[in-house]
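Residue numbers (my numbering), protein chains in the order written: chain A, 39 to 366; chain B, 579 to 986.
Note that beta-carbon positions come from the ideal geometry of N, C-alpha and C, so glycine has one too.
Notes to accompany the following structure.
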Amino acid sequence: MATTTLDRPGARQRSRPRLADASFRYITGAAAWLMIALLVGTAAFLIAEAWPAMQKYGIFGALTSDRWAPSEAATSKGNPYGILQFVYGTVITSFIGMLIAVPAAVAIALVVTDVAPRRLRRPLSWLIDLLAAIPSVVYGFWGIFALIPALKPIVVDLNDSLGKIPVIGTVFAGPFFGLSYFTAGLILAIMVLPIITAICREVFATAPISEKEAALALGATKWEMLRLAVLPRSRSGIVGAAILGFGRAIGETIAVTMVIGNSVLTISTSIFGQGATMPSVIANEFNEATEPFHLKSLFVVGLWLLVLALIVNVIGKIIVSRSGEHIA
Amino acid sequence: MPRISRTGSIATALAGLLIAGTLSACGSTGSGNSGNNSGGTTGSAAAPKSGGGASFSTAACTSSSGLKPGFSNGVATVAGAAKSLSGAGSTFAAPAYSVWTKAYASTGTQVAYQSIGSGGGVAQIQAQTVDFGDSDTPMTDADLQAAKGGAILHIPLLVGSVVPAYHLSGIGSGLKFTGDVLGKIYAGQITKWNDPELTKLNPGVKLPDEQIAVAHRSDGSGTTGIWTNYLTKESPTWVSKLGGKATSAGKEVAWPVGIGGKGNEGVSGVVQQTEGALGYLELQYALAQNTTFGQVQNADKSAFVQPCLATDTAAADKANFPADLRGDLTDEPGTDSYPIAGTTYALVYQNQKDKAKAAALVNFFSWVLTKGQDLNSQVSYSPLGAPLQKRAMAQLSKITVNGKPVAG
């Protein structure tokens, strides 16, 4: 190949794109590493702050007890900082949220992708995404002033009917004062609805049209077509979306703190009773945590919350990526 | 197979939106109705609505004398004072500080107060990051040991009180409680409003057969400190349920029952939103939110006392504090003394390093203890009683810089 006039005098011209390329690589690489460093740094910070309490009460000491009584820290022999009831509260409220949100999200996603007339699809999905824009504290307000009064008559009936059944009755027992695991679960359902719907929407949109048309051609109704051609292949996508929504729900702080009733002493067996979650106890108590090891134990709560959130999100991502969609 | 028509889908969507909207609207109007209570008023004889029988002991509360005590025993203004001061601490006292700092600004010194909670105030003065702290409960011996700058003076600044607020439809202010009954309610032993112990205290009132929704603070607070201090003194049930006097009183306790609300406003919200709720609130909040509140039996067990500014001052007048002023104002003797009163302490280092700051501190607190006391009632606090005010002023004379007293 003969050298062209571009080769020799253009030496500087050639290194400019290389310089831009290299700096682009370094800057974006630095940004990526920074994100990883932040995550690792947060975890390290939590471990460092929580370490004194973990040393005193054992690494898993907090997880072995469900009694949180900081006022007894100075005098008690055992561990007054048991966090099992917060783990229970976090899991149960998020679970109730999932029970309500996942079927609703699947239904909404189906409507948006297949059932609604074409003109309505974009506005509908836009409206659902708008739910995610509502601030958490506004959800808390709405929960206290609108949701609880509306729920009261329904739940009192449930207390009287389901609450009287022998074995499972304790789960539905009253009295219902409005602030409860159930109310928090309902609000969480509404808060995670957008994210689950968005993922399900993407998953359903990838169902091949040929299969849908084939089902319709064989005489299936709309619902049967969806059931045969869309839902079966979307199963792992829906599960992944649910788990990611669950991960979002367990970290929700202010809305839950406002409606859950803040009873930290022990686990309440009824879903209509008051309780607390891991984020809510931190939000409530960190300001005046003056007892011995109180603040450190709140860091322990934060650490286990981070561990829980990481586990849930990692599982969710694995499932979603295995379903073939690189959505979240 | 019918195609789903466009108009059909639009109609369904609109119907769904309408239903959602109606539900929210119905929900909010429902809560609006239940939120209206007959408010308790300070000055007038507040006869409760359709409650019958229960009425406040109005004599003490109708007189408005003593609300502007006009103390004049301040220390002479020290020259060379700094132009700014910073303080932090109790939210209980925050409204008073905002009134004081605003009025004091006319002297040329700006005082900035951050209301972060008594615990925060103690922590900051221990670390010497503020010029003065403020706490509703006196510092413990351990706290005093941890203070970096040496000895700390406690200067009481005002008298406030904690009232039992409740929400029962058809029943107005003035329901009678005793300390033991309140202790049993908070220990979970008394669970219904028509419990014999409550009906015995309130013979003329038809108390409903409803569960008591107990409300307490979910965050650590001086208000809780005053309330649990009183319950510890009056209710053996409360003490034994909480495992002894060491753990039954304090800024936070292990509440056996109840709904937690964050801050006075959280408890007030729970009480107003929940039928059958009983919570404890600062008097100032109860008045501002127009909440129904009750009266409590005095320490002598001779009468039921309405919480108001006059009865708080009556309690403060009887205060018998130890030498370092680390006392409490609950269960003070006297017919008109409201038993659940409390104070807030300014926390100031006895040995100051900076002459200008020391002068500014002495001037500011001397003003608060004299002219400032006349402003307390603006934010529904009582001024200090005369004996306590004298002792508080004496604390100021103990402030020294390099060994020399600052006050002239």
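Check                                                                                                                                                                                 : Outcome
Verify the CB distance criterion: does serine 958 of chain B have a CB-CB separation below 8 Å to chain A?                                                                            : no
Per DSSP, what kind of secondary structure is leucine 183 of chain A in: helix, strand or coil?                                                                                       : Position check: residue 183 of chain A holds phenylalanine in this sequence, whereas leucine was assumed. Three-state DSSP puts phenylalanine 183 of chain A in a helix.
Would you report the Cα separation of leucine 731 of chain B and asparagine 941 of chain B, rounded to the nearest angstrom?                                                          : 16 Å
In the structure shown, what three-state DSSP assignment does valine 783 of chain B receive?                                                                                          : coil
Quick check on the DSSP output: the alpha helix (DSSP H) that includes arginine 239 of chain A runs from which residue to which?                                                      : 219 to 243
Under 8 Å between C-beta atoms, does glutamate 860 of chain B make it to chain A?                                                                                                     : no
For serine 616 of chain B, does the three-state DSSP call read helix, strand or coil?                                                                                                 : Residue confidence is low: serine 616 of chain B scores 35 on pLDDT, short of 50, so the model does not pin down where it sits. Its coordinate-derived value is still stated next. Serine 616 of chain B falls in the coil class under three-state DSSP.
When the Cα of phenylalanine 214 of chain A is compared with those of B:Ala893, B:Val848 and B:Ala729, which residue comes out closest?                                               : B:Val848
Consult DSSP for arginine 63 of chain A and reduce its assignment to one of helix, strand or coil.                                                                                    : helix
Three-state secondary structure (DSSP) at isoleucine 134 of chain A?                                                                                                                  : helix
Would you kindly check if the distance between the Cβ of proline 961 of chain B and the Cβ of glycine 560 of chain B is under 8 Å?                                                    : An answer regarding residue 560 of chain B cannot be provided, because it is not within the stretch 579 to 986 covered by chain B.
Under a Cβ-count criterion, where at least 16 other Cβ atoms within 10 Å of its own Cβ denotes burial, should serine 609 of chain B be classed as buried or exposed?                  : No answer about serine 609 of chain B holds up, because its pLDDT of 38 lies below 50 and its placement is not dependable.
In three-state terms, what does DSSP make of proline 155 of chain A?                                                                                                                  : coil
Determine whether the beta carbon atoms of proline 118 of chain A and alanine 107 of chain A lie at a separation below 8 Å.                                                           : yes
Taking a Cβ distance cut-off of 9 Å, strictly less, list which residues of the region 831 to 856 of chain B are near chain A, in chain order.                                         : Val831, Ala832, Trp833, Pro834, Val835, Gly836, Ile837, Gly838, Gly839, Lys840, Gly844, Gly847, Val848, Gln851, Thr852, Glu853, Gly854 and Ala855
In chain order, what residues of the same chain have a beta carbon less than 7 Å from the beta carbon of threonine 852 of chain B, not counting five sequence neighbours either side? : His745 and Ala791
Classify leucine 861 of chain B: buried if its beta carbon has 16 or more other beta carbons within 10 angstroms, exposed otherwise.                                                  : buried
According to the neighbour-count rule (16 or more other Cβ atoms, all chains shown, within 10 Å of its Cβ), is glycine 917 of chain B buried or exposed?                              : It should be noted that the sequence gives proline, not glycine, for residue 917 of chain B. Looking at its Cβ environment, which holds 16 or more other Cβ atoms inside 10 Å, proline 917 of chain B is buried.
Determine which residues of the region 80 to 109 of chain A have a Cβ less than 9 Å from any Cβ of chain B, and write them out in chain order.                                        : Arg105, Trp106, Ala107, Pro108 and Ser109
What does DSSP give as the partner residues of tryptophan 106 of chain A in its beta bridges?                                                                                         : A:Tyr119
Here's the rule I'm using: 16 or more other beta-carbon atoms within 10 Å means buried, otherwise exposed. How should glutamine 884 of chain B be labelled?                           : buried
Just mark arginine 286 of chain A as buried or exposed, buried being the case when its beta carbon has 16 or more other beta carbons within 10 Å.                                     : buried
By DSSP, does isoleucine 203 of chain A sit in helix, in strand, or in coil?                                                                                                          : coil
When the Cα atoms are used, what is the spatial distance from glycine 631 of chain B to lysine 784 of chain B?                                                                        : Residue placement at glycine 631 of chain B cannot be trusted, given a pLDDT of 29 that sits under 50; what the coordinates show is reported in the next sentence. Distance between the alpha carbons of glycine 631 of chain B and lysine 784 of chain B is about 10 Å.
Skipping 5 residues on each side, what residues in its chain have a beta carbon closer than 8 Å to that of leucine 344 of chain A?                                                    : Thr80, Ala81 and Leu84
Taking only beta-carbon atoms, is alanine 366 of chain A less than 8 Å away from chain B?                                                                                             : Because the pLDDT of alanine 366 of chain A is 45, which lies under 50, any placement of that residue in the model is unreliable, and the question is left without a value.
For leucine 722 of chain B, which option in B:Thr707, B:Ala701 and B:Val708 has the closest C-alpha, if you only look at C-alpha atoms?                                               : B:Ala701
For serine 274 of chain A, report the span of its alpha helix (DSSP H) as first-last.                                                                                                 : 273 to 288
Rounded to whole angstroms, what is the Cα-Cα separation between valine 205 of chain A and threonine 304 of chain A?                                                                  : 21 Å
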